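Numbering (my numbering), first residue to last: 42 to 115. Let me begin by presenting the structure, written as structure tokens, before commenting on it.
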């Protein structure tokens with residue numbers, strides 16, 4: 042059975058999905074950093090970390106980010 046050159050191979054689809062997930066994680070992390078209550082130098086440091094360590098940086102931010110105060114709902 043010959044391959045159709047117009048259809049992408051499975052690994053092309055998988056890698057495209059991985060890239061899209063990485064971009065979504067990056068955008069989500071940058072928005073989260075911007076909305077945090079930290080001072081500007083700390084935000085800048087986190088943005089640099091996130092860009093220098095593409096997968097580990099966002100994971101570290103999401104683990105270490107300041108937690109929001111409880112809004113009184115229990």
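Each residue gets a CB set at the ideal place from its N, CA and C atoms; glycine is no exception. Every value quoted in this text rests on a predicted model; they were computed, and no experiment measured them.
Identity of the residue in the options nearest residue i by Cα
i: residue 122; options: 62, 92, 89 and 79; result: Residue coverage of the chain in this structure runs from 42 to 115, which leaves residue 122 outside it and unanswerable.
i: residue 97; options: 44, 45, 53 and 66; result: 66
i: residue 77; options: 91, 94 and 106; result: 106
Where residue i falls: helix, strand or coil (DSSP)
i: residue 84; result: helix
i: residue 77; result: coil
i: residue 99; result: helix
i: residue 50; result: coil
i: residue 67; result: helix
So, do the region 85-103 and the region 55-69 have three or more beta carbon pairs nearer to each other than 8 Å? yes
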